[in-house]
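> Have a look at this one before I ask anything.
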Amino acid sequence: MSAGSLAARRDLLALVLDALVPASDGFPAGSVALDHVLAMAAASADLEAALTRGLEAIDETGSGFARLDADDRERALARVEETHAALFDALVRHAYDGYYSHPEVLGRLGLEPGPVQPRGHRIETADLPDLGRVIARGPIYRPA
Amino acid sequence: MTAGAAGATGDRVDVLVIGAGAAGAAVAWRLAAAGIGVVCLEQGDWVEPRAYPHWRDDWELHRHTDWSAEPNVRRLAQDYPVNDAASPIAPLMFNAVGGSTIHWSAHFPRFRPSDFRVKSLDGVADDWPIDYATLEPYFDLNDRMMGVAGMTGDPAYPPKSARQTPPIPLDTLGVTMARGFDRLGWHWWPSDSAILTRDYDGRRACVNCGPCDLGCPIGAKASTDVTYWPKAIAVGARLVTRARVREITLGGDGLADGAVYYDRDGRVHAQKARAVVLAGNGIGTPRLLLNSRSARFPDGLANRNGQVGRHLMFHPYAIVRGVFDRPLGGYRGPIGCSLISQEFYETDLSRGFVRGYSFQVARGLTPIASASGGSIGDRVAWGRGHRRAYDERFDRTITVAVIGEDLPEAHNRVDLDPALADGHGIPAPRVTYALSENSRRMLDHGIARAREALAAAGARAIDVNPLLRAGGWHLMGTARMGRDPATSVIDPEGRCHDVPNLYVVDGSAMVTCAGVNPTSTIQAVALYIADGMIRRRA
Chain A
60 MSAGSLAARR DLLALVLDAL VPASDGFPAG SVALDHVLAM AAASADLEAA
110 LTRGLEAIDE TGSGFARLDA DDRERALARV EETHAALFDA LVRHAYDGYY
160 SHPEVLGRLG LEPGPVQPRG HRIETADLPD LGRVIARGPI YRPA
Chain B
14 MTAGAAGATG DRVDVLVIGA GAAGAAVAWR LAAAGIGVVC LEQGDWVEPR
64 AYPHWRDDWE LHRHTDWSAE PNVRRLAQDY PVNDAASPIA PLMFNAVGGS
114 TIHWSAHFPR FRPSDFRVKS LDGVADDWPI DYATLEPYFD LNDRMMGVAG
164 MTGDPAYPPK SARQTPPIPL DTLGVTMARG FDRLGWHWWP SDSAILTRDY
214 DGRRACVNCG PCDLGCPIGA KASTDVTYWP KAIAVGARLV TRARVREITL
264 GGDGLADGAV YYDRDGRVHA QKARAVVLAG NGIGTPRLLL NSRSARFPDG
314 LANRNGQVGR HLMFHPYAIV RGVFDRPLGG YRGPIGCSLI SQEFYETDLS
364 RGFVRGYSFQ VARGLTPIAS ASGGSIGDRV AWGRGHRRAY DERFDRTITV
414 AVIGEDLPEA HNRVDLDPAL ADGHGIPAPR VTYALSENSR RMLDHGIARA
464 REALAAAGAR AIDVNPLLRA GGWHLMGTAR MGRDPATSVI DPEGRCHDVP
514 NLYVVDGSAM VTCAGVNPTS TIQAVALYIA DGMIRRRA
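As they're listed, the protein sequences go chains A and B.
So in the working numbering the end of the first sequence lands on 203, straight run, no missing numbers.
So in the working numbering the end of the second sequence lands on 551, straight run, no missing numbers.
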């Protein structure tokens with residue numbers, strides 16, 4: 060498979076990503092991960108070839124993935140998950156990686172998007188639960 | 014790059030330390046502070062604070078690529094491959110100034126008194142030739158150097174000195190789990206963690222960003238590049254980075270006289286020394302000994318008895334994860350630390366195994382880990398059910414790690430791979446390890462009890478990984494300490510029986526591994542060995 064063949068099928072890849080993670084409850088659809096998946100594939104010829112084979116398998120399962128309704132798209136993907144398990148696993152893994160590192164998704168999860176430094180996270184200081192019961196048992200270590 | 018006092022590496026130095034991680038840093042500082050000339054060779058680099066992924070939008074993506082704790086995944090130039098095909102547990106390590114403390118979660122419990130006397134108390138493995146009381150001042154010294162958050166009064170231990178800062182905040186997650194233990198009447202205590210909750214010793218307090226396992230870019234977590242090394246260099250220790258040692262060399266008198274190493278450009282150097290200290294971790298140290306062959310030691314240095322590389326211990330981990338009905342704040346705060354339970358630590362043969370384990374309660378799952386399943390590996394379903402399945406997991410989980418005491422067994426070992434090699438052609442280590450029946454029973458008991466604890470805390474669903482493959486954080490026992498030269502590699506002072514000016518100070522020296530994280534004890538032992546070197550020199 061020639062380099063760049065995955066990028067040539069980006070429209071199909073976007074549809075597949077949207078089927079893997081459909082838009083719901085204010086969350087965007089999976090194609091927000093498209094650039095990440097393409098970037099990963101561009102950095103690895105093996106991954107690009109694997110994902111391209113996966114897309115070919117998806118497109119071969121019916122009369123064209125784009126023309127299927129949502130139910131049939133899920134059924135088509137489920138068949139490929141069975142017949143091309145390793146390829147499909149790589150596709151889902153990179154889709155989730157890209158999706159759950161996307162600022163729009165993180166914001167929807169209630170997280171502040173972007174780097175965790177320097178901002179960190181605020182934790183409200185609370186009193187420790189009472190350790191009196193633990194202490195009252197006395198030493199629980201064996202002298203030696 | 015070198016740091017520290019001047020002097021060409023060709024000069025004979027008092028002590029050559031190999032490895033700049035947890036133990037090597039402690040020994041280098043202690044010796045240099047006593048006026049002993051020290052050169053340390055480290056195959057990794059300094060990690061610049063801005064190099065950590067925490068400053069980037071895609072920080073979490075790096076956990077499984079260039080910042081993975083697995084050298085076989087990371088595959089950086091300074092790493093060496095490990096053949097772990099014959100082990101259900103993959104060794105984890107990092108090669109840099111600070112070693113694996115760059116990546117650790119900084120959970121910092123000590124071994125308990127009984128851990129040093131398992132043969133006498135329980136009839137298994139071997140007693141250590143040193144005991145808790147001997148090490149106690151070194152635990153305290155090391156705590157001051159590393160900076161420990163925690164609180165005194167834990168009835169699971171003899172009284173400890175004051176902790177340097179208050180404990181890591183439990184947050185909603187920790188409080189929820191503590192109440193579960195309370196309902197069962199079980200022990201729990203806020204973890205001793207080598208993470209500052211207040212500014213201390215010129216270092217900043219933690220800001221609870223979360224992923225300590227990717228390193229700490231602000232120095233709140235105690236990696237030895239920010240604790241021991243600045244002090245060691247200030248008192249004259251010299252640290253040479255990207256210096257990969259190929260072998261330890263012997264003089265005509267049969268004593269170690271230095272090491273041969275490759276610099277970052279692949280040039281070969283010889284560093285001569287009056288004594289050599291190995292601090293390359295429980296896999297790197299036996300690898301180096303076994304690769305240091307000579308007419309006097311055809312099977313590897315200090316290996317006349319064939320014990321080098323044997324008795325490898327990991328801490329086998331089982332992971333038990335509870336899913337709750339409410340947000341727990343688990344994405345914030347130090348990822349590996351909130352609290353510990355040692356309810357099932359000491360031997361009770363009615364449980365079906367000898368020795369025991371701890372529960373280490375970690376934080377929840379970060380966004381990508383929530384999707385991939387983290388340590389359980391149960392990926393959230395794709396498709397139209399995805400949103401609901403993900404939202405039921407994210408920020409609603411508590412992970413309880415069962416960390417069991419592994420017993421030393423001669424067939425669990427490190428040797429040299431006949432085919433695999435690192436970038437300099439040095440044979441790679443090969444790990445052969447099988448989980449013992451005792452460890453399996455111990456983990457199964459821990460899984461059942463962790464289920465009880467999570468249910469008592471309110472978990473509505475519980476998932477289990479019975480043995481974590483990517484859990485080989487602790488590498489121990491492969492050049493163990495003992496009085497008998499026939500069954501151990503180093504003596505009670507840390508000297509190789511066969512080569513008395515060659516020392517081992519890392520996890521390789523451990524006689525047994527206890528049921529807690531080992532770094533606090535590894536460093537205490539290293540400081541104890543260093544003081545013996547100082548005493549004999551004086």
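For each residue, glycine too, the CB sits at the ideal point set by N, CA and C.
Which of helix, strand or coil does DSSP assign to B/Ser-371?
By one-based count along the second sequence, residue 371 of chain B stands at place 358. Note: B/Ser-371 maps to strand in three-state DSSP.
> Could you tell me whether the region 287–301 of chain B touches the region 102–119 of chain B, where touching means 3 or more Cβ pairs closer than 8 Å?
yes
> Would you mind telling me which residues of chain B sit closer than 8 Å to A/Glu-133, beta carbon to beta carbon, in chain order?
As a first step, residue 133 of chain A must be located in the first sequence, where it is residue number 74. When 8 Å is used as the limit between beta carbons, A/Glu-133 is near these residues of chain B: Gly-396, Arg-397, in chain order.
> Would B/Glu-359 and B/Ser-127 qualify as a contact pair, given that the criterion is a beta-carbon distance under 8 Å?
As a working mapping, residue 359 of chain B is identified with position 346 in the second sequence. As a working mapping, residue 127 of chain B is identified with position 114 in the second sequence. A contact, by the Cβ cut-off of 8 Å.
> On the CB-based measure, 16 or more other CB atoms within 10 Å of its CB, does B/Asp-205 come out buried or exposed?
Looking up residue 205 of chain B in the second sequence gives position 192. Looking at its Cβ environment, which holds 16 or more other Cβ atoms inside 10 Å, B/Asp-205 is buried.
> Among B/Pro-66, B/Gly-215, B/Asp-156, whose alpha-carbon lies nearest the alpha-carbon of B/Ile-535?
For the purposes of this step, residue 535 of chain B is taken as residue 522 along the second sequence, with counting starting at 1. Among B/Pro-66, B/Gly-215, B/Asp-156, the Cα nearest to that of B/Ile-535 is on B/Asp-156.
> How many Å lie between B/Val-415 and B/Glu-450 at the Cα?
Against the second sequence, residue 415 of chain B aligns to sequence position 402. Against the second sequence, residue 450 of chain B aligns to sequence position 437. Computed Cα separation, rounded: 16 Å.
> When the Cα of B/Arg-43 is compared with those of B/Ala-543, B/Glu-149, B/Thr-189, B/Arg-550, which residue comes out closest?
Stepping through the second sequence from its first residue, residue 43 of chain B is reached at position 30. Minimum Cα distance to B/Arg-43 is reached at B/Ala-543.
> How far does the beta strand (DSSP E) with B/Asp-428 in it extend, from its first residue to its last?
Reading the second sequence from its first residue, position 415 is the one you call residue 428 of chain B. Element bounds for B/Asp-428: 426–434.
> Using a Cβ-Cβ cut-off of less than 8 Å, list which residues of the region 99–110 of chain A approach chain B; keep chain order.
none
> With B/Ser-354 as the anchor, note down where its beta strand (DSSP E) starts and where it stops.
Mapped onto the second sequence, residue 354 of chain B falls at position 341. Under the DSSP assignment, B/Ser-354 falls in the beta strand (DSSP E) whose first and last residues are 352–354.
> Would A/Thr-142 count as contacting chain B if we go by Cβ distances under 8 Å?
Translated into the one-based positions of the first sequence, residue 142 of chain A becomes position 83. No - not a single Cβ of chain B is within 8 Å of the one on A/Thr-142.
> Would you say B/Pro-180 and B/Gly-163 are within 8 Å of each other, going by their C-beta atoms?
The residue given as residue 180 of chain B occupies position 167 in the second sequence. The residue given as residue 163 of chain B occupies position 150 in the second sequence. Yes, Cβ-Cβ distance for B/Pro-180 and B/Gly-163 is below 8 Å.
> Report the three-state DSSP secondary structure of B/Val-188 (helix, strand or coil).
In the second sequence, the residue the question calls residue 188 of chain B occupies position 175. Three-state result, B/Val-188: helix.
> Apart from the five residues just before and just after B/Phe-2, which ones in its own chain have a Cβ nearer than 7 Å to its Cβ?
A question about residue 2 of chain B goes unanswered here, because the residues of chain B that appear run from 14 up to 551.
> Report yes if the CB atom of B/Gly-249 is closer than 8 Å to the CB atom of B/Val-239, and no otherwise.
Taking the first residue of the second sequence as 1, we reach residue 249 of chain B at position 236. Taking the first residue of the second sequence as 1, we reach residue 239 of chain B at position 226. It is not a contact, given that the beta carbons lie outside the stated cut-off.
> Put B/His-282 into one of helix, strand or coil per three-state DSSP.
Numbered from 1 along the second sequence, position 269 holds the residue referred to as residue 282 of chain B. Note: B/His-282 maps to strand in three-state DSSP.
> Any Cβ of chain B within less than 8 Å of the Cβ of A/Ile-182?
Along the first sequence, read from residue 1 onward, the residue named residue 182 of chain A stands at position 123. At least one chain B Cβ lies under 8 Å of A/Ile-182.
> Output yes if chain A places a C-beta closer than 8 Å to the C-beta of B/Val-239; else output no.
For the purposes of this step, residue 239 of chain B is identified with residue 226 of the second sequence, where counting begins at 1. Taking Cβ atoms only, chain A never reaches closer than 8 Å to B/Val-239, which makes this a no.
> Scan the region 190–206 of chain B for residues whose Cβ lies nearer than 8 Å to a Cβ of chain A and list them as they occur along the chain.
Ala-191, Arg-192, Asp-195, Gly-198, His-200, Trp-201, Trp-202, Pro-203
> Taking 8 Å as the CB-CB limit, is B/Glu-359 close to chain A?
Stepping through the second sequence from its first residue, residue 359 of chain B is reached at position 346. Chain A, which has a Cβ nearer than 8 Å to the Cβ of B/Glu-359, makes this yes.
> Can you check whether the C-beta of B/Trp-72 is within less than 8 Å of a C-beta belonging to chain A?
For the purposes of this step, residue 72 of chain B is taken as the residue at position 59 of the second sequence. So yes, B/Trp-72 belongs to the interface.
> List, in chain order, every chain A residue whose beta-carbon is nearer than 8 Å to that of B/Val-220.
As a first step, residue 220 of chain B is located in the second sequence; it is residue number 207 there, counting from the start. Within chain A, the residues near B/Val-220 are Gln-176, Pro-177, Arg-178, Gly-179, His-180.
> Output, in chain order, the set of chain B residues within a Cβ distance shorter than 8 Å of A/Arg-167.
For the purposes of this step, residue 167 of chain A is identified with residue 108 of the first sequence, where counting begins at 1. Going along chain B, no residue has its Cβ under 8 Å from A/Arg-167, so there is no contact; the nearest lies around 10 Å.
> Could you give the DSSP three-state label for B/Leu-314: helix, strand or coil?
Translated into the one-based positions of the second sequence, residue 314 of chain B becomes position 301. Correct three-state label for B/Leu-314: coil.
> Taking 6 Å as the limit between beta carbons, can you name the residues of its chain near A/His-153, skipping five residues before and five after?
Residue mapping note: residue 153 of chain A aligns to position 94 of the first sequence, counting from 1. Apart from sequence neighbours up to five positions away, the residues of its chain that approach A/His-153 with a beta-carbon distance below 6 Å are Val-96, Met-99, ordered along the chain.
> Rounded to the nearest angstrom, what separates A/Tyr-155 and B/Val-518 at their Cα positions?
Here residue 155 of chain A refers to the residue found at position 96 of the first sequence. Here residue 518 of chain B refers to the residue found at position 505 of the second sequence. Straight-line measurement puts the Cα of B/Val-518 at about 43 Å from the Cα of A/Tyr-155.
> If you run the structure through DSSP and keep just helix, strand and coil, what is B/Ile-547?
Numbered from 1 along the second sequence, position 534 holds the residue referred to as residue 547 of chain B. The answer is helix: DSSP assigns B/Ile-547 an H, G or I state.
> Roughly how many angstroms separate the alpha carbons of A/Leu-74 and B/Pro-104, rounded to a whole number?
Locating residue 74 of chain A in the first sequence gives position 15, counting from the first residue. Locating residue 104 of chain B in the second sequence gives position 91, counting from the first residue. Roughly 40 Å between the two C-alpha positions.
> Near B/Asn-318, what residues of its chain come up, given a Cβ to Cβ distance below 6 Å and the 5 sequence neighbours on each side ignored?
If you number the second sequence from 1, residue 318 of chain B lands on position 305. Ala-499, listed in sequence order.
> Give the interface partners of A/Leu-97 over in chain B, defined as CB-CB distance under 7 Å, in chain order.
Working through the first sequence from its first residue, we reach residue 97 of chain A at position 38. Per Cβ cutoff of 7 Å: no residues; A/Leu-97 is ~14 Å from chain B at best.
> How many angstroms separate the CA atom of B/Gly-187 from the CA atom of A/Pro-162?
On the second sequence, position 174 is the one that residue 187 of chain B refers to. On the first sequence, position 103 is the one that residue 162 of chain A refers to. Rounded to whole angstroms, B/Gly-187 to A/Pro-162 spans 28 Å at the Cα level.
> Between A/Val-80 and chain B, is the shortest Cβ-Cβ distance under 8 Å, so that the two count as touching?
Translated into the one-based positions of the first sequence, residue 80 of chain A becomes position 21. True, the Cβ-Cβ gap to chain B drops below 8 Å.
> Is B/Ala-191 buried or exposed, if buried means 16 or more other CB atoms sit within 10 Å of its CB?
Indexing the second sequence from 1 puts residue 191 of chain B at position 178. Flag for B/Ala-191 reads buried.
> Quick one: Cα of B/Gly-490 to Cα of B/Arg-496, how far?
Sequence index remark: in the second sequence, residue 490 of chain B carries index 477 (1-based). Sequence index remark: in the second sequence, residue 496 of chain B carries index 483 (1-based). Spanning the two alpha carbons is a distance of roughly 15 Å.
> Using a beta-carbon distance below 8 Å, is A/Ile-199 in contact with chain B?
Here residue 199 of chain A corresponds to residue number 140 of the first sequence, with the count starting at 1. So, interface residue.
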